[in-house]
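Residue numbers (the numbering used here): 36 to 258.
Beta carbons are placed, not taken as given, at the ideal position from N, Cα and C, and that holds for glycine.
Bear in mind the structure is a predicted one, so any value in this text is a computation, not a measurement.
Worksheet: one structure, shown below.
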């Protein structure tokens with residue numbers, strides 16, 4: 036008789052106690068197992084290093100000691116060490132450079148505004164997505180990046196529908212999710228994504244990584 040699959044194991048890092056506890060409560064209510072709750076990126080890195088069964092971490096970008104980019108540096112340190120743990124970064128602000136830096140770390144990475152924490156489904160689904168190797172970017176950040184790119188770089192290489200598709204890809208939507216949002220068949224979405232990959236010259240690699248590369252190229256990041 037097979038045992039039930041275990042819950043995703045998650046660690047949370049934020050120096051604001053009430054927010055950290057609130058995030059933990061939301062994740063537990065969503066069926067996730069919060070195994071650690073700490074107030075600095077340094078402590079989070081120690082937790083991940085000591086517990087290799089953690090599936091994902093949720094952390095603030097700005098934490099002690101400098102309150103600048105500790106969360107991003109923790110992400111980069113994790114990836115440099117070879118860790119593939121899912122990482123969901125939270126930010127108070129729509130900062131394009133931070134979002135691009137986060138997504139440049141590859142698959143299994145997300146960037147959400149803290150406003151989204153109040154939406155339990157959005158938060159829980161984002162954690163599940165990065166734990167599975169997906170990518171998530173806050174819709175407000177996607178719109179900012181697309182607007183900035185549109186002002187300086189021609190998007191004529193992609194059709195209007197392909198731009199709709201890649202915006203939803205940037206938000207972390209699955210092919211099925213994109214199909215539902217745009218009222219298209221799954222096969223049509225897959226066709227659009229194939230054309231996007233070809234037009235943006237995204238080389239063959241793991242599917243999750245190809246999606247991240249395509250989004251980064253669309254948003255104007257050389258990769």
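- Task: Could you check if residue 41 is buried or exposed, using at least 16 other CB atoms within 10 Å of its CB as the buried criterion?
- Result: If you number the chain shown from 1, residue 41 lands on position 6. Of the residues assessed, residue 41 falls on the exposed side of the cut-off, its CB having fewer than 16 other CB atoms within 10 angstroms.
- How would you call residue 229, buried or exposed, if buried means at least 16 neighbouring beta carbons within 10 angstroms? Against the chain shown, residue 229 aligns to sequence position 194. Exposed.
- Task: State the beta-bridge partners of residue 48 as determined by DSSP.
- Result: Along the chain shown, read from residue 1 onward, the residue named residue 48 stands at position 13. Answer by DSSP bridge pairing, in chain order: 73, 94.
- Whole alpha helix (DSSP H) elements within the segment 121 to 161, 4-residue minimum: 131 to 138
- Query: Would residue 91 be called buried (16 or more neighbouring beta carbons within 10 Å of its own) or exposed?
  - Reply: Here residue 91 refers to the residue found at position 56 when the chain shown is read from its first residue. Residue 91 comes out buried.
- Task: Can you give me the Cβ contacts of residue 209 inside the same chain, cut-off strictly under 8 Å, excluding the 5 residues immediately before and after it?
- Result: As a first step, residue 209 is located in the chain shown; it is residue number 174 there, counting from the start. Cβ-Cβ distances below 8 Å link residue 209 to 169 in the same chain, with the five nearest sequence neighbours on each side left out; the list follows chain order.
- Item | Straight-line gap, residue 138 to residue 174 (C-alpha atoms, nearest Å) | For the purposes of this step, residue 138 is taken as residue 103 along the chain shown, with counting starting at 1. For the purposes of this step, residue 174 is taken as residue 139 along the chain shown, with counting starting at 1. Distance between the alpha carbons of residue 138 and residue 174 is about 14 Å.
- Flag this pair as touching only if the segment 110 to 126 and the segment 150 to 165 have three or more C-beta atom pairs under 8 Å; answer yes or no. As far as the Cβ criterion goes, the segment 110 to 126 touches the segment 150 to 165, which means the pair count is three or higher.
- Write down the C-beta distance between residue 172 and residue 134 rounded to the nearest angstrom, noting that I regard them as a contact closer than 8 Å. The residue labelled residue 172 in the question sits at position 137 within the chain shown. The residue labelled residue 134 in the question sits at position 99 within the chain shown. That belief holds up - the Cβ atoms of residue 172 and residue 134 are roughly 6 Å apart, short of 8 Å.
- Task: Look at residue 87 and residue 70 and say whether their C-beta atoms are less than 9 Å apart.
- Result: Position 52 of the chain shown, counted from the start, is the residue given in the question as residue 87. Position 35 of the chain shown, counted from the start, is the residue given in the question as residue 70. Not closer than 9 Å, so no.
- List the residues that DSSP assigns as beta-bridge partners of residue 170. Here residue 170 corresponds to residue number 135 of the chain shown, with the count starting at 1. Answer is 144.
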